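Peer 1:
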Amino acid sequence: MPTLLVFGARNLGRVLARQLAADGWRVAAVARTEDTILKLRDEVPDAVGLIGDAANAGEVERIFAEVGDVDLVVNAITTTPSPGGPVHEAPPEALDAYLGALLPAIFNVLRVGGRVLAGRGRGTLVQVTGGSARRGNPGRGPWAAAAFATRALVQSQAAELRDQSVHVALLIVDAIIESEKTKHWLEDEPPERSASMEDVAHAIKYLHEQSPRGWTHELQLTPARERWVP
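So this note's numbering is basically just the index in the sequence shown, starting at one, shifted up by 410.
1) Measure the CB-CB distance between valine 536 and isoleucine 461 and report whether it falls below 8 angstroms.
2) Figure out for me which residue from Ala467, Leu415, Ala556, Arg420 has the closest Cα to the Cα of isoleucine 589.
3) Since isoleucine 582 and threonine 539 are thought to touch, with beta carbons under 8 angstroms apart, how far apart are those beta carbons, to the nearest angstrom?
4) Per the contact definition of three or more C-beta pairs closer than 8 angstroms, is the stretch 508-519 in contact with the stretch 481-489?
5) Can you check the stretch 524-596 for any alpha helix (DSSP H) of at least 4 residues that lies completely inside it and give the ranges in chain order?
6) Check asparagine 485 in the structure and name its three-state DSSP category.
7) If you follow the beta strand (DSSP E) that threonine 413 is in, where does it begin and where does it stop?
8) Would you give the residue range spanned by the alpha helix (DSSP H) that glutamate 619 belongs to?
9) Which residue or residues does DSSP assign as beta-bridge partners of valine 437?
10) For alanine 427 and valine 437, which I take to be in contact (beta-carbon distance under 8 angstroms), what is that distance rounded to the nearest angstrom?
11) Can you tell me where the alpha helix (DSSP H) holding leucine 509 begins and where it ends?
12) On the criterion of 16 or more Cβ atoms from any shown chain inside 10 Å, does methionine 411 qualify as buried, or is it exposed?
13) What whole-angstrom Cβ distance do alanine 556 and leucine 520 have, given they're in contact under 8 angstroms?
14) Which same chain residues end up closer than 8 angstroms to threonine 413 when comparing Cβ atoms and leaving out the 5 residues on each side of it in sequence?
15) So who's on the other strand from glycine 459, going by DSSP bridges?
16) I'd like to confirm the pairing. Which residues does DSSP put opposite glutamine 630 in its beta bridges?
17) Should arginine 550 be labelled buried (16 or more other beta-carbon atoms within 10 Å of its own) or exposed?
18) Can you give the Cα-Cα distance for valine 416 and leucine 450, rounded to whole angstroms?
19) How would you call valine 639, buried or exposed, if buried means at least 16 neighbouring beta carbons within 10 angstroms?
20) My output table needs one value for glycine 423: the three-state DSSP class, helix, strand or coil.
21) Please work out which residues of its chain come closer than 7 angstroms, Cβ to Cβ, to glutamate 469, disregarding the five sequence neighbours upstream and downstream, and give them in chain order.
22) Could you pull the start and end residues of the alpha helix (DSSP H) that valine 470 belongs to?
23) Distance, Cα to Cα, glycine 418 vs leucine 448?
24) Helix, strand or coil: which one does DSSP assign to arginine 623?
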């Protein structure tokens with residue numbers, strides 16, 4: 411039975427866990443609150459729910475040790491971008507939300523997850539990020555800085571682990587992902603202006619199912635009615 415370990419069980423991670431459990435997977439998901447774990451278990455009764463903060467390196471080590479052998483590691487942790495503005499008008503603490511918590515969490519999952527999969531000599535590690543990993547936009551400089559750094563880490567690790575039969579991929583969702591948190595932004599928009607969590611989960615499954623003879627290391631999803639930048 412293959413095993414999924416997903417960090418970020420509140421939204422995308424919960425949907426991914428539900429889909430893979432239906433396919434016969436053992437699923438484990440990490441969240442920072444008990445409420446999120448309870449919601450996960452309502453939808454996926456057999457899921458292993460773990461409370462932890464990926465920004466804490468020791469907790470990430472503990473989580474991997476508790477779950478044991480894994481076949482697919484997915485990092486779906488994100489944060490709400492801080493209010494934007496030009497870089498030259500930003501306060502000194504504008505980077506704190508990204509460099510103090512989000513980026514260390516991403517680094518810890520990649521670091522420990524990559525080591526665990528390399529030890530097994532197989533598996534897939536998928537990091538989910540947004541369109542700011544491809545380009546900076548006005549008013550989103552600090553957010554893009556963290557996203558660019560995420561892309562650099564994944565590119566480096568993908569090259570490092572290829573020869574050890576570990577597939578590392580960056581999944582860029584260049585759109586708002588529809589969820590309870592974002593639905594107020596999408597009230598008057600057609601469905602094709604946003605990404606569904608189900609479609610993002612399907613893309614993760616696609617990456618994991620690829621043959622080593624044709625790995626994708628960077629995949630971008632853009633809804634049909636959203637702006638697409640080649």
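Note that CB positions come from ideal geometry on N, CA and C, so glycine has one too. Here the structure is a predicted model, which means the values were calculated and not measured.
Peer 2: From the atom records:
1) No.
2) For the record, residue 589 in the displayed sequence is serine; it is not isoleucine. Out of Ala467, Leu415, Ala556, Arg420, Arg420 has the C-alpha closest to the C-alpha of serine 589.
3) Between threonine 539 and isoleucine 582 the Cβ distance is about 6 angstroms, and since that is below 8 angstroms, they are a contact.
4) The stretch 481-489, when compared against the stretch 508-519, does touch it at the 8 angstroms Cβ threshold.
5) 551-571
6) strand
7) Per DSSP, the unbroken beta strand (DSSP E) holding threonine 413 starts and ends at 413-417.
8) 607-619
9) Leu414
10) 4 angstroms
11) Leucine 509 -> no alpha helix (DSSP H), and no H or E assigned at all.
12) exposed
13) Not confirmed; about 14 angstroms, so no contact.
14) Trp435, Arg436, Val437, Ala438, Val477, Gly478, Asp479, Val480, Asp481, Leu482
15) Ala439
16) Ile582
17) Buried, since its Cβ has 16 or more Cβ neighbours within 10 Å.
18) Going from the Cα of valine 416 to the Cα of leucine 450 covers about 12 angstroms.
19) Burial call: exposed.
20) Shown here, glycine 423 sits in a helix according to DSSP, grouped into three states.
21) Gly462, Asp463
22) From DSSP, the alpha helix (DSSP H) with valine 470 extends over 467-477.
23) 14 angstroms
24) coil
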